[in-house]
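Read top to bottom, the protein sequences are chains S and Z. With the numbering used here applied, the first sequence corresponds to residues 17 to 264, in that order. With the numbering used here applied, the second sequence corresponds to residues 3 to 385, in that order. Heads up, the beta-carbon is just placed ideally off N, CA and C, and yes, glycines get one too.
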Amino acid sequence: MDKFAIVLENVVKRFGDVVAVNGVSFKVAWGELFGLLGPNGAGKTTTVNMLCGLLKPTSGFVSVGGYDVQRENAKVKGFIGVCPQETAVYPYLTGLENVELFGNLYALDKETLRKRRDMLLEKLGLTQEAGRKVEKYSGGMKRRLSIVLALIHNPQIIFLDEPTVGMDPQSRRAVWEFMRELKGEGKTILLTTHYMEEAETLCDRVGIIDYGRLIALDAPKNLISKHGVRNLEEVFIKLTGRRIREET
Amino acid sequence: MNFRRINALAKKELKKTFREPAILFMIILFPIVFVLTFGVSFGGLGGSQPTYHVGVVNMDSAGSEGLSQAFIEAMANTKLLHVQIYADNHTAQDALSQGKIQAVVIIPADFSQSLNSYHAAPNNPGSWINATVMLYLDKGSIFATQAVPPIIQNVLAAFLSRKAAPSPVNVEISSLIEARRFSTFEFMAPGMFTFASIFLIMMVAQSFTQDRENGMLKRIRITPITPAEFITSQVLSYMFIALIQAVLVFAAAYLMGFRPAVNFYAYLLAFILILIFSLSNVGFGLITATVSKTSGAATGISFLFILPQLFLGTFVGSSLSSTAQTVGRFVPSYYVTDALTSLFLRGASITSPTIIFDFGIVTLSCFAILAIGIILYAKCFKI
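Set out below in structure tokens:
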């Protein structure tokens with residue numbers, strides 16, 4: 017097994033004249049909970065999409081689980097779980113049907129699917145509502161269901177792209193607790209978030225990305241100490257400025 | 003191919019179909035295309051008079067010297083009938099059952115004899131030798147059954163220079179008793195089977211654009227499902243929907259009195275044709291989804307494919323101008339409706355050349371359209 021679960025080496029992604037990711041390099045160890053932070057449009061989701069094989073880097077090298085994502089994408093797909101930024105769940109299916117659909121797409125056997133389904137729905141507080149159509153769910157419930165879909169096949173490497181957006185504090189805390197459990201099980205997690213408290217609380221290390229460049233990479237407490245501020249949010253503001261950014 | 007994945011996605015697609023009342027109409031493009039297509043279809047663009055193809059079997063014992071030749075010329079001179087001579091009744095009936103001609107006129111052996119007897123004593127009906135011209139009509143064409151008999155009657159009356167009865171030569175419409183049993187609805191029914199499936203174009207286009215909009219396509223791409231499995235699941239689910247549509251339309255038509263006297267194989271072939279036809283609708287849906295940025299736009303753009311298929315190739319097509327009928331030969335639905343009409347109304351055999359020709363055209367065109375749709379969509383959005 018490769019020493020690192022995730023490796024990016026000098027990765028560049030251009031969309032026409034726009035450079036979304038500009039020479040980003042970092043490595044994530046197995047079992048690490050890594051936070052990728054940055055303002056809107058900084059290049060976080062583009063980076064995650066390249067790690068999942070959804071986007072091809074313009075240049076550079078990306079590997080996940082020791083496999084070259086571009087050349088061995090089929091192998092990568094089997095052991096990554098992705099909770100995308102969009103609340104991508106089928107509204108016309110029930111929660112249970114959504115979960116079973118994805119379990120079948122990963123070709124889980126019936127017993128494994130049943131156990132994983134029941135456990136995940138319970139952990140994320142969706143058991144009671146599992147039989148209802150998703151269109152009736154609140155935004156927070158849909159986000160939690162999206163996490164269940166990402167984890168149904170028990171992936172070793174998990175990409176969570178802003179998983180707690182739109183959740184109430186209780187739900188967010190429950191997801192945090194669950195992420196800690198996953199880490200305890202030895203899962204590797206790459207988390208993108210705008211909630212600095214979330215990153216500071218959960219992540220072993222964080223990388224701050226801005227205008228497509230990685231501008232900081234360290235453990236949250238080291239970054240706080242290095243910049244002489246009180247918390248990660250102040251580090252973030254100090255490094256990225258106060259100007260409001262919009263997604264392009 | 004993992005059939006569990008295919009089955010899971012196909013089931014999902016079916017659940018969506020039955021749970022979402024999602025048909026929205028484009029408010030600008032729809033009327034424009036509707037008016038244009040309607041204009042071409044019913045406006046008589048090209049202005050030509052309708053012509054009916056009539057097969058003639060001349061059994062007149064007087065041969066080429068007989069008066070029957072003059073009668074045939076008189077029919078052709080009307081400009082309303084395009085006359086084609088057949089050697090025997092069997093060949094002519096075969097052409098009729100395949101929709102190649104719209105009527106068969108059988109000139110009897112005693113035709114000249116009858117006319118000669120009439121000319122010898124025009125005012126003495128008692129001395130006439132009576133003869134009967136048999137007329138077989140295309141039971142699949144409401145227009146042929148209504149238009150051809152009076153034309154023949156008028157030609158004969160003019161030929162005899164006799165407008166009022168009695169007449170030495172009568173026209174007996176052999177299939178008229180049967181033809182009259184068909185209501186307008188029954189004439190339209192074959193097109194209705196085709197009609198229902200055409201709206202799959204909109205469903206497919208909406209489904210693919212919606213999945214793209216809400217991130218589901220991206221999410222599916224992250225799973226181990228292969229592009230072939232994904233496309234297969236979609237095609238199978240829409241074929242199943244087309245089958246359900248066909249069954250429901252047929253059941254409704256049956257309730258309304260549409261009960262064609264055909265065997266099991268004719269029904270089987272009809273359903274197979276509709277299933278194959280649904281492939282082209284999936285293909286057109288994918289093409290629509292490729293060029294549409296949103297599901298709303300997909301709804302409107304889908305009518306660019308729906309309306310020509312609808313007006314040029316289904317039951318509406320039975321009353322089209324000759325120009326529109328020619329254009330109709332470029333849409334797959336035309337051949338489906340033609341084959342179904344031949345099967346159900348004309349009583350054509352499933353192995354008759356017309357059916358085989360229609361089946362071949364439908365199969366080739368539908369697979370080609372599906373392939374184009376898949377290639378375009380995959381190229382733009384990486385299934």
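THR103/S: not part of any beta strand (DSSP E); DSSP gives it neither H nor E. Contact annotation: the region 326 to 336 of chain Z does not touch the region 251 to 258 of chain Z, with fewer than three C-beta pairs closer than 8 Å. For the region 215 to 239 of chain Z, the set of positions with a beta-carbon nearer than 7 Å to some beta-carbon of chain S reads ASN216, GLY217, MET218, LYS220, ARG221, ARG223, ILE224, THR225, PRO226, ILE227 in chain order.
Inclusion of THR316/Z and GLY193/Z in the CB contact set at 8 Å is warranted, their separation being smaller than that value. Ranked by how close their Cα comes to the Cα of VAL115/S, the residues SER162/S, ASN89/S, TYR153/S, LYS139/S have SER162/S in first place.
Distance from the Cα of GLY57/Z is smallest, within the candidate group PHE242/Z, LYS13/Z, TYR138/Z, for TYR138/Z. A Cβ-Cβ separation of about 11 Å leaves PHE50/S out of contact with ASP234/S under the 8 Å criterion. Our two residues, PHE305/Z and MET204/Z, have alpha carbons roughly 8 Å apart in a direct line.
Across the set ASN4/Z, GLY128/Z, GLY375/Z, ASN9/Z, the C-alpha of GLY375/Z shows the shortest separation from the C-alpha of PHE210/Z.
For LEU112/S, there is no enclosing beta strand (DSSP E); the enclosing alpha helix (DSSP H) covers residues 111 to 121. Non-local beta-carbon contacts of LEU347/Z in its own chain, meaning distances under 6 Å to residues more than five positions away in sequence, involve LYS141, GLY142 in chain order.
Note on the region 192 to 238 of chain S: whole alpha helix (DSSP H) runs with a minimum of 4 residues are 212 to 218, in chain order. Counted as a single uninterrupted DSSP element, the stretch harbouring ASN126/Z is not any beta strand (DSSP E), since DSSP gives it neither H nor E. Per the Cβ contact rule, the region 120 to 128 of chain Z is not in contact with the region 97 to 106 of chain Z (fewer than 3 Cβ pairs under 8 Å).
For ALA97/Z, the enclosing alpha helix (DSSP H) covers residues 91 to 99.
Considering only beta carbons, the part of the region 80 to 96 of chain S lying closer than 9 Å to chain Z consists of ALA90, LYS93, GLY94, ILE96, in chain order.
If you look at GLN86/S, you'll find it isn't in any beta strand (DSSP E); DSSP assigns it neither H nor E. Under the three-state reduction of DSSP output, THR80/Z falls in the coil class, being neither helix nor strand. The beta carbon of VAL98/S falls within 8 Å of a beta carbon belonging to chain Z, placing the residue at that interface. At least 8 Å separates the beta-carbon of ASN9/Z from that of ALA123/S.
Between the alpha carbons of ARG259/S and GLY111/S lies a distance of about 40 Å. Put simply, the CB of TYR108/S is near chain Z, with a gap under 8 Å to one of its CB atoms. A Cβ of chain Z is located within less than 8 Å of the beta carbon of GLU102/S.
Taking 8 Å as the cut-off, the beta carbon of LYS14/Z is found closer than this to the beta carbon of LEU109/S.
One Cα belongs to TYR269/Z, the other to TYR337/Z, and the distance between them is close to 16 Å. Contact annotation, SER235/Z with LEU372/Z: C-beta distance approximately 14 Å; criterion of less than 8 Å not satisfied. A Cβ-Cβ separation of about 5 Å places LEU121/S in contact with ARG7/Z under the 8 Å criterion. With contacts defined by Cβ atoms closer than 8 Å, VAL34/S and MET66/S do not form a contacting pair. Under the three-state reduction of DSSP, MET136/Z is assigned to strand.
In the DSSP assignment, PHE20/S falls within the unbroken beta strand (DSSP E) covering 20 to 31. Nearest CB-CB separation between TYR122/S and chain Z: below the 8 Å threshold.
For ASN216/Z, the secondary structure class from DSSP, reduced to helix, strand or coil, is coil. Three or more Cβ pairs closer than 8 Å define a contact, and the region 194 to 206 of chain S falls short of that threshold against the region 141 to 151 of chain S. In the structure shown, GLY68/Z falls within a coil segment according to DSSP collapsed to helix, strand and coil. With distances taken between CA atoms, LEU275/Z lies nearest to THR343/Z out of SER63/Z, ALA149/Z, THR343/Z. With the rule of 3 Cβ pairs closer than 8 Å, the region 94 to 101 of chain S counts as touching the region 159 to 175 of chain S.
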